[in-house]
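A.B. asks:
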Ligand SMILES: [Ca+2]
Ligand SMILES: [Ca+2]
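Numbering (the numbering used here), first residue to last: 1282 to 1475.
1) What's the call for residue 1470, buried or exposed, on a 16-neighbour Cβ count within 10 Å?
2) Residue 1296 by DSSP, collapsed to three states: which one?
3) Grab the span of the beta strand (DSSP E) containing residue 1489 for me, first residue to last.
4) If I measure Cβ to Cβ from residue 1398 and keep anything under 6 Å in the same chain, skipping five residues before and after, which residues do I get?
5) So the beta strand (DSSP E) residue 1408 belongs to, where does it begin and stop?
6) Which residues neighbour ligand 1 when neighbourhood means a C-beta less than 5 Å away from any of its non-hydrogen atoms? List them by chain order.
7) Note the first and the last residue of the continuous beta strand (DSSP E) segment covering residue 1438.
8) Using a Cβ distance threshold of 8 Å, determine whether the stretch 1373-1380 contacts the stretch 1413-1432, with at least three qualifying pairs required.
9) For residue 1316, which residues of its own chain have a beta-carbon under 6 Å away from its beta-carbon, when the five flanking residues on both sides are left out?
10) Report yes if the CB atom of residue 1436 is closer than 9 Å to the CB atom of residue 1451, and no otherwise.
11) Excluding sequence positions up to five away, which residues of its chain have a Cβ less than 6 Å from the Cβ of residue 1462?
12) Within the present structure, is the beta-carbon of residue 1314 separated from the nearest heavy atom of ligand 2 by less than 8 Å?
13) Grouping DSSP H, G and I as helix and E and B as strand, with all else coil, what is residue 1271?
14) DSSP three-state label for residue 1361, please.
15) Just tell me which of 1423, 1313, 1407 and 1362 has its CA closest to the CA of residue 1333.
16) What are the boundary residues of the alpha helix (DSSP H) that residue 1459 is part of?
17) Assuming residue 1314 and residue 1400 make a contact with CB atoms under 8 Å, what is their CB distance in whole Å?
18) Is residue 1382 helix, strand or coil by DSSP?
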């Protein structure tokens, strides 16, 4: 009985050890979702339906500065008062750059009419080394009948991927500053790739 407990414990320790040091090996990177801001550069919602007030913009800014900003922003976006605002229809591409290797591009769409769409197909890269040459560039649009609105481009650095790997869960990386609050967060799932 005692031996079984010890065996179980050592197995648990091995799993824990493996999960806490993914940077020593290769990882699998998945972009799960994005969180889009409220307005275009002209202050209007993405499809020009509804009104976003100065108070909404100020509250969103406060949420972005909160200690757990991803949760604060999600709670803010769920406010009933924002239900009448037309939501974006995300489409875009994400490209992995890895040293001298050819760039690996993935194209996807988000759930239509959503402020926080999951991506389909979710961009995935396998056997990604977490060294300084690794980065992912993401460019997003709001799809329209004509003339899609640009949502902007942001970069996910190797250090961001390492932080996501360390968390062991979907890591919400804030990218609001890179896009002027057009895109607020990107969800990253980074796990060891044996
Ligand atoms: Ca639009
Ligand atoms: Ca649209």
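Glycine is no exception: its CB is placed at the ideal position from the N, C-alpha and C atoms.
None of these values were measured; they are calculated from a predicted model.
C.D. replies: According to the structure data:
1) That one is buried.
2) Residue placement at residue 1296 cannot be trusted, given a pLDDT of 40 that sits under 50; the coordinates are not used to answer.
3) No information on residue 1489 is available, as it lies outside the stretch 1282 to 1475 that the chain covers here.
4) Same-chain partners within the cutoff: 1371, 1391 and 1392.
5) 1405-1410
6) 1327, 1328, 1423, 1425 and 1430
7) 1430-1438
8) yes
9) Answer for residue 1316: 1397, 1465 and 1466, listed in chain order.
10) no
11) Within the same chain, 1318 come within 6 Å of residue 1462 by CB-CB distance, once the 5 residues on both sides are set aside.
12) no
13) This structure cannot settle anything about residue 1271, because the visible part of the chain is limited to 1282 through 1475.
14) helix
15) 1362
16) 1457-1460
17) 6 Å
18) Coil.
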